[in-house]
Amino acid sequence: MEVVDNVPDSLPRHSSAQEFSAEKNSRRNMEASQQPSSRQFLDKSAQGAESSSTSAVQRGRPRRSSSMRYVRRSHYMQGDRVIACVCDQRLGSWRHGVVANLDRYPPRNEGRGQLSYPVLYRSASRTVMGYFNPFLCEMLYDTLRNSMGDVMQ
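In this text, residue positions in the sequence shown follow the UniProt record's numbering: the first is 1, and each later residue adds one.
In structure tokens:
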């Protein structure tokens, strides 16, 4: 087997092992210079802890709030304002609604302690009633509409 060498004689020749170790050392030196020392890292993390309330907003991360608009609940009362996922031919949309009269339309037992609640919501120009299971996240409690006392029109 014949080895073809196209390297001119004027260029220095290196073995592949020497080239590999030189390249590896240069990469290692570059990575070490780019990484902050552990002291610098601790200083930066301490600074971040001091201003944690504004740093999350500045970085564009969503801030967790104790007053979220839609809340998952397991039990509902008559007249609670909710948002329900109405599915029609595999297409789902969220509709605002009100939990119906529980004396007239009692909740359905779905088994394993799960209840589906009757919800009145608008579809096109008419009011429709459907049963939604909060354990499957089919309905969520609307804190804003409940606090305002909004009435379904």
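From the three backbone atoms N, C-alpha and C, an ideal C-beta is built for every residue, glycine too.
Looking at the backbone, the Cα of R81 and that of S123 are separated by about 16 Å. Scanning its chain for C-beta atoms nearer than 8 Å, with the 5 sequence neighbours on each side dropped, one finds around S67 the residues T143, in chain order. In this chain, L120 is not harboured by any alpha helix (DSSP H); it is covered by the beta strand (DSSP E) spanning Q114 to S123. For A84, the beta-bridge partners assigned by DSSP are R95 and M139. The residue among Y141, L136, G79 and P106 with its C-alpha nearest the C-alpha of R112 is L136. With 16 or more other CB atoms across the displayed protein chains lying within 10 angstroms of its CB, M139 is buried. Residue range R108 to G111 is occupied by the beta strand (DSSP E) that includes R108. With a threshold of 16 other beta carbon atoms within 10 Å, R126 falls short and is exposed. If you compare the alpha carbons of N109, W94, V98 and Q89 with that of N133, the shortest gap goes to N109. Secondary structure at M148: helix, using DSSP grouped into helix, strand and coil.
Taking 8 Å as the upper bound for CB-CB distance, V98 and M77 are not in contact here, some 11 Å apart. Only buried fits V119, as 16 or more other CB atoms lie within 10 angstroms of its CB. In the DSSP assignment, no residue is bridged to G79. When the beta-carbon positions are compared, Y141 and R95 stay at least 9 Å from each other. Comparing alpha carbon positions, the residue from G79, V71, R90 and S93 closest to D103 is G79. Per the C-alpha coordinates, the member of Y131, Y121 and N101 positioned closest to Q114 is Y131.
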